[in-house]
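Novice:
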Amino acid sequence: MIPSMFSLRIVLTATLISVSLSFSIGQTVRIADNNFNAPTGPNIFPTLQEAVDAADPGDIIYVQPSPTQYGNLTTDKPLIIKGIGFNLDKDIPHQSSVSGITLTNNVDNTANASGTEIEGLTTTNLVLGLSTTTTYSLDNVVIKNSLITSGLSARVTVNNLLINDCQTGFLQFNQPVLNSEIRNNLLGGSGIFLFGTSNSLIVTNNIIYASISKSSEGDNVIIQHNNFIGSRPSTNAFGNLIDAIVANNIFYGRTPSRSASGGSTSASFQRNIFTNNLSFETGNDELPPAGGGVGNSGDGNIVGSSPMFTNVPIINTWSADYNFTLQAGSPVFNAASDGSDIGITGGPYSWTESNFSLNTTSIPTIQTF
2 MIPSMFSLRI VLTATLISVS LSFSIGQTVR IADNNFNAPT GPNIFPTLQE AVDAADPGDI
62 IYVQPSPTQY GNLTTDKPLI IKGIGFNLDK DIPHQSSVSG ITLTNNVDNT ANASGTEIEG
122 LTTTNLVLGL STTTTYSLDN VVIKNSLITS GLSARVTVNN LLINDCQTGF LQFNQPVLNS
182 EIRNNLLGGS GIFLFGTSNS LIVTNNIIYA SISKSSEGDN VIIQHNNFIG SRPSTNAFGN
242 LIDAIVANNI FYGRTPSRSA SGGSTSASFQ RNIFTNNLSF ETGNDELPPA GGGVGNSGDG
302 NIVGSSPMFT NVPIINTWSA DYNFTLQAGS PVFNAASDGS DIGITGGPYS WTESNFSLNT
362 TSIPTIQTF
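Just remember that my numbering sits 1 ahead of the position in the sequence shown, which is counted from 1.
1. What does DSSP give as the partner residue(s) for G101 in the beta ladder?
2. Per DSSP, I144 forms a beta bridge with which residues?
3. When DSSP labels each residue in this structure, what does Q173 get in the three-state scheme?
4. I'd like the list of long-range same chain contacts for M309, defined as Cβ closer than 7 Å, with 5 residues on each side in sequence excluded.
5. Can you round the beta-carbon distance between P79 and A114 to whole angstroms, since I take them to be within the 8 Å contact cut?
6. Starting from the C-beta of L153, find all residues in its chain whose C-beta is less than 8 Å away, skip the five residues before and the five after it, and write them out in chain order.
7. For Q176, which residues in the same chain have their Cβ closer than 6 Å to its Cβ, ignoring the five residues on either side in sequence?
8. Report the residue from T123, I223, K215, P58 whose alpha carbon sits nearest the alpha carbon of F87.
9. Helix, strand or coil: which one does DSSP assign to L195?
10. Is N335 near the ligand MN, with its Cβ less than 7 Å from a heavy atom?
11. Go ahead and pull the three-state DSSP assignment for L242.
12. In the DSSP assignment, what are the bridge partners of Q1?
13. For G59 and Q28, I'd like the C-alpha separation in whole angstroms.
14. Just to confirm the assignment, what range does the alpha helix (DSSP H) spanning E51 have?
15. Please state the DSSP three-state secondary structure of L80.
16. With DSSP collapsed to three states, give me the class of T136.
17. Which residue wins for smallest C-alpha separation from A155, given the options L131, T135, C167?
18. Could you name the residues of the same chain whose beta carbon sits closer than 8 Å to that of N107, not counting the 5 residues immediately before and after it, in chain order?
19. For S317, which of T117, Y137, P234 has the nearest alpha-carbon?
20. Given V99, which residues of its chain have a CB within under 6 Å of its CB, disregarding the five upstream and five downstream residues?
21. When we look at the beta-carbon of D322 and count the other beta-carbons within 10 Å, is it buried (16 or more) or exposed?
22. Are the beta-carbon atoms belonging to E282 and I315 less than 8 Å from one another?
23. What is the C-beta distance between N185 and N206, in whole angstroms, given that I count them as a contact (C-beta under 8 Å)?
24. T346: buried (16+ other C-beta within 10 angstroms of its C-beta) or exposed?
25. Under DSSP, the beta strand (DSSP E) around T311 begins and ends at which residues?
26. With DSSP as the reference, please indicate the residues paired to V304 in a beta bridge.
27. Quick check on the burial criterion: 16 or more other C-beta atoms within 10 angstroms. Buried or exposed for V295?
28. Going along the chain, which residues of its own chain have a beta-carbon closer than 6 Å to the beta-carbon of I274, five neighbours each way excluded?
29. For T353, count neighbouring C-beta atoms within 10 Å of its own C-beta (all shown protein chains included) and say buried if the count is 16 or more, exposed if not.
30. Three-state secondary structure (DSSP) at G254?
Okay, structure coming up:
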């Protein structure tokens with residue numbers, strides 16, 4: 002057991018690493034380490050699943066970086082699972098890589114993985130809830146600073162979900178997603194799909210090389226302060242979109258409607274409010290979008306004007322060399338409905354770096370040896 006306010010200091014000849022770790026009384030720290038020279042001892046396991054199986058609800062599991070993938074992980078209890086991150090600034094940057102992650106319920110449905118926090122892992126797929134006839138929801142799940150190379154699928158209702166500082170191919174919610182935030186992510190692949198109701202969902206301050214699709218009516222969904230990037234004029238920012246607030250976004254080569262030409266059928270693209278967005282070289286820059294959509298409205302939009310990024314080409318692929326900072330004279334400065342910048346440099350979670358840049362997690366890490 003680790004007492005509260007446990008403190009660790011590591012001193013090397015030319016390097017000083019100071020790490021302060023705080024734990025609640027009652028939590029146990031367990032370590033998954035599949036490296037060939039891994040230490041042995043209590044609470045150290047050669048596989049991640051063994052560490053998860055041995056853990057009690059609320060325990061912390063550190064997944065040591067390794068050149069070997071850890072395999073699949075399934076948990077039906079709340080755990081804090083931390084890896085090293087995926088955008089690393091260190092020598093020999095091994096990741097904490099897992100084949101797939103599933104958060105589910107136990108056999109008799111008396112408990113589930115609500116309250117789980119996942120940080121700093123690399124995985125192919127992340128599944129929230131297995132497809133069963135049992136009804137339950139996953140609440141208070143946090144996913145941060147993780148790379149999901151394929152995507153995330155939510156097969157049960159999720160409530161109070163937070164996804165931030167992640168890079169992922171798609172986010173698909175087959176059931177309701179409630180009181181949740183998707184923020185400060187790099188979203189690519191096929192985008193975000195909202196097939197269930199989406200009450201009090203905020204999609205904010207993301208770089209999006211994909212589209213967002215929302216099929217249900219009357220929900221409270223806010224899409225704000227995002228940079229939608231795409232290859233002109235063949236890409237669109239939305240699939241079906243009904244009853245959404247679209248505010249303070251930059252559409253840069255990605256058409257702000259359901260189709261790349263700007264047209265939208267009335268049944269699938271209606272009653273959306275477009276406020277204080279900017280469009281540039283999208284194939285159809287009109288805001289609110291043109292086409293057959295019914296009841297789309299809005300004002301304060303800037304049409305056909307460059308945001309004046311420092312270095313972002315209008316293409317479908319992202320690169321670490323791109324620079325989203327704004328040049329002097331950009332029309333997006335202080336032009337949002339909240340008085341901040343339009344796009345990712347404004348809003349509640351503004352980007353301060355020039356590009357998508359993440360930190361390692363709280364695992365003690367030797368940067369240079």
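Quick reminder that beta carbons are idealized off the backbone N, C-alpha and C, glycines included.
Specialist: Quick answer:
1. As a working note, residue 101 is residue 100 in the sequence shown. G101 pairs with N73, N126.
2. In the sequence shown, the residue the question calls residue 144 occupies position 143. The partner list for I144 (beta bridge, DSSP) reads I119, I164.
3. Counting from 1 along the sequence shown, the entry for residue 173 is found at position 172. Q173 falls in the strand class under three-state DSSP.
4. Against the sequence shown, residue 309 aligns to sequence position 308. Closer than 7 Å at the Cβ level, and outside the excluded window around M309, lie L327, Q328, G330, S331.
5. Position 78 of the sequence shown, counting from 1, holds the residue named residue 79. Position 113 of the sequence shown, counting from 1, holds the residue named residue 114. Contact holds; Cβ gap of about 6 Å.
6. Your numbering for residue 153 matches position 152 in the sequence shown. Result list for L153: N126, L127, V128, L129, I144, I164, T169, F171, L172, Q173, in chain order.
7. What you label residue 176 is simply residue 175 of the sequence shown in a count that begins at 1. Answer for Q176: V157, T158, G197, listed in chain order.
8. Looking up residue 87 in the sequence shown gives position 86. Comparing Cα positions, the closest option is T123.
9. The residue given as residue 195 occupies position 194 in the sequence shown. Strand, per DSSP.
10. Absence of the ligand MN is noted for the structure shown, with no ligands found whatsoever.
11. The residue labelled residue 242 in the question sits at position 241 within the sequence shown. Three-state result, L242: strand.
12. With the chain running from 2 to 370 in the structure shown, residue 1 is simply not present.
13. The residue you call residue 59 lines up with position 58 of the sequence shown. The residue you call residue 28 lines up with position 27 of the sequence shown. Each residue's Cα considered, the two are about 6 Å apart.
14. Your numbering for residue 51 matches position 50 in the sequence shown. E51 -> alpha helix (DSSP H) spans 49-55.
15. By one-based count along the sequence shown, residue 80 stands at place 79. If DSSP states are grouped into helix, strand and coil, L80 belongs with coil.
16. Locating residue 136 in the sequence shown gives position 135, where the first residue counts as 1. Three-state result, T136: coil.
17. Translated into positions along the sequence shown, residue 155 becomes position 154. With distances taken between Cα atoms, A155 lies closest to L131.
18. Translated into the one-based positions of the sequence shown, residue 107 becomes position 106. Once the five neighbours on either side are set aside, the close Cβ partners of N107 are D77, K78, N113.
19. Mapped onto the sequence shown, residue 317 falls at position 316. Reading off the sequence, residue 317 comes out as Asn, not Ser. Closest option to N317, Cα to Cα, is P234.
20. As a first step, residue 99 is located in the sequence shown; it is residue number 98 there, counting from the start. Within the same chain, V99 has close Cβ partners Y71, L74, L122, T124.
21. For the purposes of this step, residue 322 is taken as the residue at position 321 of the sequence shown. So D322 ends up on the exposed side.
22. For the purposes of this step, residue 282 is taken as the residue at position 281 of the sequence shown. For the purposes of this step, residue 315 is taken as the residue at position 314 of the sequence shown. Result yes, Cβ atoms of E282 and I315 sit closer than 8 Å.
23. Position 184 of the sequence shown, counted from the start, is the residue given in the question as residue 185. Position 205 of the sequence shown, counted from the start, is the residue given in the question as residue 206. Sure, about 5 Å apart at Cβ, within 8 Å.
24. In the sequence shown, the residue the question calls residue 346 occupies position 345. Buried, since its Cβ has 16 or more Cβ neighbours within 10 Å.
25. Reading the sequence shown from its first residue, position 310 is the one you call residue 311. Unbroken beta strand (DSSP E) run through T311: 310-312.
26. As a position in the sequence shown, residue 304 is number 303, starting the count at 1. Its beta-bridge partners are S280.
27. Here residue 295 refers to the residue found at position 294 when the sequence shown is read from its first residue. Answer is exposed; the Cβ neighbour count stays below 16.
28. To locate residue 274, count along the sequence shown from 1; it is residue 273. Result list for I274: I246, S298, G299, in chain order.
29. For the purposes of this step, residue 353 is identified with residue 352 of the sequence shown, where counting begins at 1. With fewer than 16 Cβ atoms within 10 Å of its Cβ, T353 is classed as exposed.
30. Reading the sequence shown from its first residue, position 253 is the one you call residue 254. Correct three-state label for G254: strand.
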